[in-house]
Amino acid sequence: MAVPSNAAQTTESSGSARLNGLLFLVAFLPIVLIAVIISHYGVNVPYGDEWWIITLLGKWDAHQLTFADFYAVHNGHRILIPRLIYLGLTQLTHGNLKAEMFFSLCLCILTSAGIYLLIRRTVSGSTTKHLALWAFINLFLFSPIQAENWLWGFQLQVFLSNLCIVGAVVCITSEAKLFVRFAGALAFALAGTFSFGNGLLIWPAVFLVLICRRERFAVSAAWIAIALLVMLAYLPGYPAREPTPASTQWFDYLLYFAGFLGAPLARIPNSKPLVLPVMLGSILVAGYLWISARLVSRREALRKAAPWLALGAYTIASAAMASVARIHSGPMHALDSRYTTVSLVLLVSLIGLVASITTPNPGAAPARSGKRRVLMGIGVGSLLILYTINAPFELRYLRLNRSFRERGKGALEFSAVLDLDQLYRASLLIRHDPDSLTRCLGVLDRLKLLDPPRRQTLALDDAEGRPKRATDEYGMFENLKLENADFLVASGWSYLPGEAGPPACVVLAYNTGQEWKAFAVSDVIGRRPDLTTRYKNQSYLETGWTLTFPRNLLPPGEQEVSAWALEASHGHTYRLPGSFRLPR
Numbered sequence: 079m080a081v082p083s084n085a086a087q088t089t090e091s092s093g094s095a096r097l098n099g100l101l102f103l104v105a106f107l108p109i110v111l112i113a114v115i116i117s118h119y120g121v122n123v124p125y126g127d128e129w130w131i132i133t134l135l136g137k138w139d140a141h142q143l144t145f146a147d148f149y150a151v152h153n154g155h156r157i158l159i160p161r162l163i164y165l166g167l168t169q170l171t172h173g174n175l176k177a178e179m180f181f182s183l184c185l186c187i188l189t190s191a192g193i194y195l196l197i198r199r200t201v202s203g204s205t206t207k208h209l210a211l212w213a214f215i216n217l218f219l220f221s222p223i224q225a226e227n228w229l230w231g232f233q234l235q236v237f238l239s240n241l242c243i244v245g246a247v248v249c250i251t252s253e254a255k256l257f258v259r260f261a262g263a264l265a266f267a268l269a270g271t272f273s274f275g276n277g278l279l280i281w282p283a284v285f286l287v288l289i290c291r292r293e294r295f296a297v298s299a300a301w302i303a304i305a306l307l308v309m310l311a312y313l314p315g316y317p318a319r320e321p322t323p324a325s326t327q328w329f330d331y332l333l334y335f336a337g338f339l340g341a342p343l344a345r346i347p348n349s350k351p352l353v354l355p356v357m358l359g360s361i362l363v364a365g366y367l368w369i370s371a372r373l374v375s376r377r378e379a380l381r382k383a384a385p386w387l388a389l390g391a392y393t394i395a396s397a398a399m400a401s402v403a404r405i406h407s408g409p410m411h412a413l414d415s416r417y418t419t420v421s422l423v424l425l426v427s428l429i430g431l432v433a434s435i436t437t438p439n440p441g442a443a444p445a446r447s448g449k450r451r452v453l454m455g456i457g458v459g460s461l462l463i464l465y466t467i468n469a470p471f472e473l474r475y476l477r478l479n480r481s482f483r484e485r486g487k488g489a490l491e492f493s494a495v496l497d498l499d500q501l502y503r504a505s506l507l508i509r510h511d512p513d514s515l516t517r518c519l520g521v522l523d524r525l526k527l528l529d530p531p532r533r534q535t536l537a538l539d540d541a542e543g544r545p546k547r548a549t550d551e552y553g554m555f556e557n558l559k560l561e562n563a564d565f566l567v568a569s570g571w572s573y574l575p576g577e578a579g580p581p582a583c584v585v586l587a588y589n590t591g592q593e594w595k596a597f598a599v600s601d602v603i604g605r606r607p608d609l610t611t612r613y614k615n616q617s618y619l620e621t622g623w624t625l626t627f628p629r630n631l632l633p634p635g636e637q638e639v640s641a642w643a644l645e646a647s648h649g650h651t652y653r654l655p656g657s658f659r660l661p662r
């Protein structure tokens, strides 16, 4: 008996809805992955450029903050909007820098939503096709290869810049009234300009959309006029770029340019790390230019593809700008993780371009259609393979990054009572002079922005109330020996069960008779393959520690020395089994 047609349609509709729901969940999986990465590997401690924001917080607290402070150039960028966000998040979260990391994720989610709108507008086909394409793009848009930016709240400005270029293109290509479209694009362009250096490129990118869509001359002229006015306000007082080393050759610029664009697919450690990124970057640019050339004479196709052409042009121009501005650091600098957030937009634009111009043609020859499907399958497969190869290497970076910053956070916690300036400067990438750094630390203490706060006493307490612990769940203090008449070497291993890895650092203390007093912090991590064999767990590999220290750090006379594991997130310390007595 035949199934009624309406029943068949209902069944088909139900199956399509389930498939769409599944694709929507798949599109969100990369977002969930990044949220987990931030939660597990993010460290709540000021790092690098974030120390300059502390200076801003000090002026704000003293009611001395001016517009010039917000408008000032920082490392080649006018970050007026991000500075406002930093101050706002500091108020809302009491200085928790993980909030900035999650804010970056929120910005990227909004960017992804904008990409989906562009897919809906420019790619023909069903909702299922749109969701599948969106899920594929999200795999790269939320890739772990951007690890440095995901774990550095200061870099929210890069994600904001991406949002602004996508937002401007979404607005200018919408079906709203001209004034609304123009005003929306203008708002995003202004926000992008005063968020990140390459935000200036939003203006020509939107102009490209206006040209491709054949907007009225008055609209294009108004856009150019406003862009020129913004430039006049932006450029005065702008610092000169770094001097280019005399050894730089013309091909170094090309290597930097192509490597910058290919890095999102090729940050694979090897003996010649530039080769694959340069090859892939060159292929991506060639593909973009080839498609653009084919679209020039196809008016309707050009109009539909305009958003993707603008995103690609924006990224290619960003690579050229970075090549000129950053070549003094050498071509290898182009492969830095923090640049991939910008460069992956070219990959997104190419995926969108190919999808927007590939329209099913029922009248096409089967051989031609089959060839097209094979080529697209090869392209998609190649991208998935590159993604799969790259991802494991970023996981190692995540672990090392967390260990590095936690070590700095641990040293910073003891910085008010021990001389650890060199350790936390190196670990937290602090470039301030001593006086400026002292003022920054004063601001952090006064506003109580460090969690945990800096210790004001050397006394140590075991977080579990076990100062005479004999079991080795947190590690072991194995040896203390004289290196020479003036120096001693302490060594052992330490492990935090809750973190499934080594602690931020190990603190040495001496017994006063009433309490244990810290006197030194270990900054040397060693590999202990014997422990991985003993416990059958690879997380024990890098749990070894050593510390060489001068005898004069201890009071004269016979002393008992102990070692303590420091957990950086809450400032908890755990006594390690074993102690050693030094003779008089």
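Heads up: the sequence shown at position 365 corresponds to 443 in our numbering, and the numbers run straight through without jumps. Ideal Cβ placement from N, Cα and C applies to all residues, glycine included.
Under the Cβ criterion (8 Å, minimum of three pairs), the stretch 540-548 does not count as touching the stretch 517-529. Taking a cut-off of 8 Å on C-beta distances, the stretch 630-640 does not touch the stretch 475-488, as fewer than three cross pairs fall below it. Setting aside the 5 residues that flank it on each side, ILE116 is surrounded in the same chain by LYS176, MET179, PHE180, LEU183, TRP228, LEU229, each with a C-beta closer than 8 Å to its C-beta; the list follows chain order. For GLU638, no alpha helix (DSSP H) encloses it; the enclosing beta strand (DSSP E) starts and ends at 637-645. According to the DSSP assignment, PRO530 belongs to no beta strand (DSSP E), since it is labelled neither H nor E.
Each of PHE565, GLU226, TRP301, LEU478 was checked against the Cα of ARG416, and the nearest Cα belongs to GLU226. Contact annotation: LEU560 and ALA596 have beta-carbon atoms that are not nearer than 8 Å. Shown here, HIS152 sits in a strand according to DSSP, grouped into three states. Residue range 602-604 is occupied by the beta strand (DSSP E) that includes GLY604. Counting only the Cα atoms, GLN616 lies some 31 Å from LEU354. Its Cα nearest to that of LEU522, the residue TRP130 stands out among ALA305, VAL121, TRP130. Assignment of TYR652 by DSSP, reduced to helix, strand and coil, places it in the strand class.
About 6 Å separates the CB atoms of ALA494 and GLN534; that is less than 8 Å, so the two are in contact. Taking every protein chain shown into account, the CB of GLN592 has fewer than 16 other CB atoms within 10 angstroms, so this residue is exposed. Boundaries cannot be given for TYR573, as no alpha helix (DSSP H) includes it and DSSP labels it neither H nor E. When secondary structure is reduced to three states using DSSP, ASN615 falls in the coil class, being assigned neither helix nor strand. Counting the other Cβ atoms within 10 Å of the Cβ of TYR613 gives fewer than 16, which makes it exposed. PRO351 is bridged by DSSP to nothing; it lacks a bridge partner.
Excluding residues up to 5 positions away in sequence, nothing lies with its Cβ nearer than 6 Å to the Cβ of GLY315 in the same chain. SER298 and VAL308 have their alpha carbons spaced roughly 15 Å apart. With a cutoff of 8 Å on beta-carbon distance, GLY576 and GLY553 are scored as not near each other. Scanning the stretch 216-295 for uninterrupted beta strand (DSSP E) segments of 3 residues or longer gives nothing; none is fully contained.
Beyond the five residues adjoining it in sequence on each side, MET454 comes within less than 8 Å, by CB distance, of VAL432, THR436 in the same chain, given in chain order.
In the three-state DSSP reduction, VAL402 falls in the helix class (H, G or I). Counted as a single uninterrupted DSSP element, the stretch harbouring LYS546 is not any alpha helix (DSSP H), since DSSP gives it neither H nor E. Counting other Cβ atoms within 10 Å of its Cβ, ASN216 reaches 16 or more and is therefore classed as buried. When secondary structure is reduced to three states using DSSP, ASP564 falls in the coil class, being assigned neither helix nor strand. DSSP places TYR588 inside the beta strand (DSSP E), whose first and last residues are 583-589. Take the alpha-carbon of ALA146 and the one of ASN153: they are about 16 Å apart.
Per DSSP, the continuous alpha helix (DSSP H) segment holding PRO160 begins and ends at 158-171.
In the structure shown, the three-state DSSP call for LEU515 is helix. Judged by pairs of C-beta atoms under 8 Å, the stretch 449-468 does not touch the stretch 332-339, as fewer than three such pairs exist. Collapsing the DSSP output to three states places ALA140 in coil. Contact annotation: the stretch 417-432 touches the stretch 358-368, with at least three C-beta pairs closer than 8 Å. Taking C-beta separations shorter than 6 Å and ignoring five residues to either side along the sequence, the partners of SER401 in its chain run TYR331, TYR334, PHE335, following chain order. DSSP, reduced to helix, strand and coil, places LEU373 within a helical segment of the structure shown.
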